[in-house]
Structure formats: structure tokens, C-alpha cells
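Residue numbers (the working numbering), protein chains in the order written: chain H, 154 to 374; chain U, 154 to 374.
2 protein chains.
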Amino acid sequence: MATLTEKGTFVNNDLADVILKRQSIRNYDKSVKISHDEMTTMIKEAITAPSACNLQAWHFVVVDTPAGKDKLRSFFMHFNTPQLETSSAMVMIFGDTLAFKSYRNLWNKAYDNGQISAEKRDEVFKTFLPLYESASKEMLTADATVDSALAAMQFMLVARGHGYATNPIAGYDATKAAAAMGLDPDRYVPVMAVAIGKPAPDDKDEVKSVRYEADQVVQFK
Amino acid sequence: MATLTEKGTFVNNDLADVILKRQSIRNYDKSVKISHDEMTTMIKEAITAPSACNLQAWHFVVVDTPAGKDKLRSFFMHFNTPQLETSSAMVMIFGDTLAFKSYRNLWNKAYDNGQISAEKRDEVFKTFLPLYESASKEMLTADATVDSALAAMQFMLVARGHGYATNPIAGYDATKAAAAMGLDPDRYVPVMAVAIGKPAPDDKDEVKSVRYEADQVVQFK
């Protein structure tokens with residue numbers, strides 16, 4: 154099992170480079186394989202992301218086999234074919250609307266580890282847990298979506314830390330994603346796919362996309 | 154206007170430290186003020202995040218005045234009082250379900266800047282724009298939520314790059330958030346609040362929250 158170290162396992166540890174120079178890559182070097190050990194490490198680093206009430210309602214399906222990619226082909230839009238065909242893996246990220254069912258074990262583990270007191274644990278069981286047990290599907294979906302997007306963003310940055318490029322993809326038939334991956338579509342909501350790999354050697358630099366000016370999206374109150 | 158440099162403006166540029174040692178802080182040093190210039194810089198750095206079709210459906214309301222915090226008090230849950238009372242600012246992050254209305258201007262600007270060809274621009278207008286113009290409120294909400302969460306995650310990391318701590322908060326009455334901030338509640342969906350500031354000098358180290366083992370949230374296909 155891959156371990157998570159305090160210093161990470163980054164070949165590029167330059168925050169400014171990782172965040173500010175990230176851009177989506179669509180054409181990858183097909184010869185590059187990412188070991189399951191390294192992929193697991195990257196996901197462990199990614200899921201240090203925060204989540205509402207520490208619910209961690211994220212779920213990752215790493216597709217890196219021809220059979221797995223065949224399944225993706227059945228519901229991906231055609232303009233995402235280059236990433237599908239050339240990436241080392243497509244990582245499908247789902248929100249788990251029933252994550253709260255594991256919640257009791259998680260907090261018991263924190264107590265067993267000596268990280269929280271029995272009182273703190275019981276307070277969580279009395280406050281947050283009933284909130285989720287009685288929540289609407291709409292709230293569970295929204296929370297799972299946000300949790301998963303936070304982890305997805307960290308995954309894209311961690312990938313750069315490991316020397317890889319990514320492309321987040323929303324262009325697929327969301328109604329088919331969970332079932333195609335063998336998951337219960339009532340429970341798991343698709344949030345995004347992330348293609349990961351090394352840019353193709355002959356990939357011409359893709360255009361860095363334009364952003365709105367800050368004053369268009371920021372107000373002070 | 155704050156400018157965005159390639160090297161960022163980070164006092165802590167250590168990716169591993171920023172990502173792997175991030176944890177939520179609830180008690181801040183009340184004497185710390187963050188200038189609007191620095192806040193704007195941090196948001197500009199955060200919105201280098203990707204978004205579906207580059208729609209950038211995020212909107213930030215930075216609350217750093219007593220009057221603004223009074224408005225937050227009216228719909229925040231009481232257990233978030235410490236962050237509300239002590240943080241330098243509460244940054245309310247909303248998804249903008251009508252972001253596509255600015256989309257034409259954005260791509261025209263990319264063309265004017267020489268970043269894309271007229272053909273590429275027109276292709277976007279013919280493919281992505283109609284998709285959003287005819288989209289359901291549910292799809293627009295989901296896309297805006299994911300975009301905003303991606304930017305929110307980068308904001309929390311960028312904040313650490315600037316030497317600040319954060320706490321993402323979902324504990325408020327979501328039905329009241331937009332109107333209280335003077336926004337159209339039909340258009341703007343609340344995604345999260347992020348408290349930002351420097352930890353209080355007497356803040357005892359908060360417990361780093363527990364994560365599930367990777368094999369509970371990862372599958373390979």
C-alpha cells in the first residue's frame with residue numbers, strides 16, 4: 154500500500170508553477186504508464202482535500218485498461234476522443250450520496266487513534282450524522298458534488314507535482330457514467346473525468362484559456 | 154488593479170507543505186487585515202482553475218466589514234461563530250447559473266488578444282454556447298457548482314501560499330445566502346463560505362481530520 158508522507162512525493166514542488174502554469178492537455182504520450190502504486194499515492198494526496206463535515210463523499214474509478222476505455226467510449230462525446238485514446242488513465246470521479254453510511258466507522262477510528270475524545274466523537278454522532286441521515290437526495294447530491302470537485306482540483310495539482318498533465322472533462326453522458334463503471338447510479342453522481350498522462354512529444358503548446366477580469370467576478374461587502 | 158505574475162506572490166511556495174499540511178482553522182487573529190489588493194490577487198490566482206467549457210461560472214463576495222458580517226450572522230449556524238467573528242474575511246463563493254451570458258465577450262476577447270483564430274471562436278459559438286443557452290436549470294446549477302468548488306479549492310491553497318489559513322464552511326442557510334449578499338437567488342447558487350486569516354496566537358493546534366484508506370474510495374478498471 155502506498156504511504157502518504159508529509160513531504161509528498163513531488164518531482165515538481167513549486168506551488169506557483171503547479172497552480173499558475175497548469176493548463177489542459179488533450180494529446181498524451183501513449184507509451185507512458187502510471188503504476189497503480191503511484192496513482193494510489195496521488196489519490197491519497199488529493200483526498201487531503203476538505204469536505205463538508207469531513208464526509209469525504211468522493212469516489213475514484215481509475216480506467217487504464219483497453220476494456221475499461223471501451224466502456225468509456227460508449228458514453229464519451231467524440232471531441233474527447235484524443236484524451237481517451239492517448240492518456241495514461243482516465244480517472245472518473247463520482248460523488249457518493251451514501252458516504253454518511255461509513256461516517257460512524259470514520260469517527261470511531263479517529264477516537265481509536267487518540268485524535269479525538271469520546272465526547273467529541275459522540276457530539277459528531279449526535280449533530281452531523283442525523284443531519285445526513287435525514288437529508289434530501291438533492292442536498293446529498295450537492296454535498297457529494299462539492300466534496301468531489303475539491304478532491305478533483307487537488308488531484309489535478311498533485312498530478313502536476315508528479316510531473317503529469319491533466320484535462321478535466323465534463324463532455325460525456327452523465328446518465329450512463331455510473332452504470333458503465335459498475336456503480337449504482339442511484340448512489341453515485343458523476344462529477345467529472347480527469348485525463349492524466351505526459352504531453353505527447355509532438356504536442357504543440359495548447360492555448361492557455363482566457364479568464365475574466367477579477368472585477369467581473371469579485372465584490373467586496 | 155492587482156496583476157497576476159507567472160511566479161505568483163507566494164510567501165510559501167512549497168507545494169507539499171501547502172497541500173498536505175492544510176487543515177481548517179476556526180480561531181483567527183482578529184488584528185489581521187487583508188488588503189483588497191492582496192485579496193484580489195489571491196482570487197485571480199485561484200481562478201486559474203479550469204471550468205467546464207471555460208465557462209468560469211464562479212462568483213466571489215468578500216465580506217470583511219462589520220456590516221457585511223452582520224448580514225452573514227443572519228443565516229450562519231451558531232457553531233461557525235468563531236470563524237465569523239475572528240477571520241480577516243469570509244469569502245462567499247457562489248455559482249453563477251447565467252455565466253454563459255458573458256461567454257460571447259470572453260471568446261471575442263481571446264480572439265482580439267490573438268490567442269485563438271476566428272474559426273476556433275466561431276466553433277465555440279456554434280457548439281458550446283447553444284448547449285448552455287438550451288440547458289436545464291439543473292445542469293446549469295451542477296456546472297456552476299463544480300466550477301466554483303474547483304476555484305474554491307485553489308483559493309484555499311493560494312491562501313496558504315500567501316501565509317494565511319482557511320476554513321471551508323457549508324453550515325449556513327443556503328436559501329438565504331444569495332439574497333443576503335444582494336445577489337439574485339434565482340441566478341446565484343451558494344457553494345461554500347471560506348473563512349480566511351492568520352491563526353489566533355493562542356490557537357491550540359487543531360486536530361488534523363482523519364481520511365478513509367485509499368482502497369475504500371479507489372477502484373481500478
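Backbone N, C-alpha and C define an ideal beta-carbon position, used for all residues, glycine too.
As the structure is a computational prediction, the values presented were derived from the model and not from experiment.
Residue i bridges to which residues according to DSSP?
i: Q121/H; result: Residue numbering for chain H in the displayed model covers 154 to 374; residue 121/H lies beyond these limits and cannot be assessed.
i: Y264/U; result: Bridge partners of Y264/U: none, in fact.
i: Y181/H; result: P352/H
i: G377/H; result: The structure shown does not extend to residue 377/H, since chain H is modelled only from 154 through 374, so no value can be given for it.
i: P343/H; result: F247/H
i: D167/H; result: D167/U
i: A242/U; result: I349/U
i: Y229/U; result: Going by the sequence as given, residue 229/U is Phe instead of Tyr. Beta-bridge pairing links F229/U to Y325/U.
Check the C-beta distance from residue i over to residue j and give it rounded, since I have them as a contact under 8 angstroms.
i: V370/H; j: F373/U; result: Not a contact, Cβ separation roughly 38 angstroms.
i: I322/U; j: N233/U; result: 5 angstroms
i: Y256/H; j: L282/H; result: 6 angstroms
i: K351/U; j: Q176/U; result: At roughly 14 angstroms, the Cβ-Cβ gap does not stay under 8 angstroms, so K351/U and Q176/U are not in contact.
i: T298/H; j: T298/U; result: 6 angstroms
i: V96/U; j: S289/U; result: Look at the range of chain U in this structure, 154 to 374, and you will see that residue 96/U is not part of it.
i: A242/H; j: D217/H; result: 4 angstroms
i: V244/U; j: V164/U; result: Wrong, their Cβ atoms sit about 19 angstroms apart, outside the cutoff.
i: V363/H; j: N166/U; result: So it is not a contact: roughly 25 angstroms between Cβ atoms.
i: L173/U; j: L168/H; result: Contact flag wrong, Cβ pair sits at about 12 angstroms.
i: L375/U; j: Y365/H; result: Outside the shown range of chain U (154 to 374) lies residue 375/U, about which nothing can therefore be said.
i: D296/H; j: A205/H; result: 5 angstroms
i: Y394/H; j: A331/H; result: Any question about residue 394/H goes unanswered here, given that chain H covers just 154 to 374.
i: F229/H; j: Y317/H; result: About 20 angstroms separates the two Cβ atoms, so there is no contact after all.
i: M192/H; j: V171/H; result: Between V171/H and M192/H the Cβ distance is about 18 angstroms, and since that is not below 8 angstroms, they are no contact.
i: A202/U; j: L293/U; result: In fact, because the Cβ distance is near 18 angstroms, the residues do not count as touching under 8 angstroms.
i: E291/H; j: F253/H; result: Between F253/H and E291/H the Cβ distance is about 15 angstroms, and since that is not below 8 angstroms, they are no contact.
i: I269/H; j: A312/H; result: Contact flag wrong, Cβ pair sits at about 32 angstroms.
Measuring CB atoms only, is the region 237-256 of chain U touching the region 201-217 of chain U, in the sense that at least three cross pairs come out at less than 8 angstroms?
yes
Which of the residues in the region 178-208 of chain H, read from start to end, lie with their CB under 7 angstroms from any CB of chain U?
H189, T193, I196, K197, E198, I200, T201, A202, P203, A205, N207
Flag this pair as touching only if the region 195-203 of chain H and the region 308-318 of chain H have three or more C-beta atom pairs under 8 angstroms; answer yes or no.
yes
Going along the chain, which residues of the region 225-236 of chain H sit with their C-beta nearer than 7 angstroms to a C-beta in chain U?
none
Cβ pair count under 8 angstroms reaching 3, the region 180-194 of chain U against the region 228-242 of chain U:
Touching, per the Cβ criterion.
Within 7 angstroms of chain U by C-beta, residues of the region 312-331 of chain H in sequence order
G314, P321, A323: these are the residues of the region 312-331 of chain H whose beta carbon lies less than 7 angstroms from some beta carbon of chain U, given in chain order.
4 or more residues per run - each alpha helix (DSSP H) lying fully within the region 255-331 of chain U:
256-265, 271-286, 290-314
By the 9 angstroms beta-carbon criterion, what residues does the region 342-367 of chain H contribute toward chain U?
So the close ones are V342, V344, M345, V360, K361, S362, V363, R364, Y365, E366, A367.
Please name the residues in the region 210-222 of chain U whose beta-carbon is closer than 8 angstroms to at least one beta-carbon of chain H, in chain order.
W211, H212, F213, V214, V215, V216, D217, T218, A220, G221
Taking any Cβ of chain H, which residues in the region 261-288 of chain U have a Cβ under 9 angstroms from it, in chain order?
K262, A263, N266, Q268, I269, K273, T280
Beta carbons nearer than 9 angstroms to chain H: which residues of the region 293-313 of chain U have them?
T294, A295, D296, T298, V299, D300, S301, A302, L303, A304, A305, M306, Q307, M309, L310, V311, R313
Residues of the region 160-174 of chain H with a CB closer than 9 angstroms to any CB of chain U: list them in chain order, please.
Residues K160, G161, T162, F163, N165, N166, D167, L168, A169, D170, V171, I172, L173, K174.
At a Cβ cut of 7 angstroms, what residues of the region 238-254 of chain H count as close to chain U, listed as they run along the chain?
none
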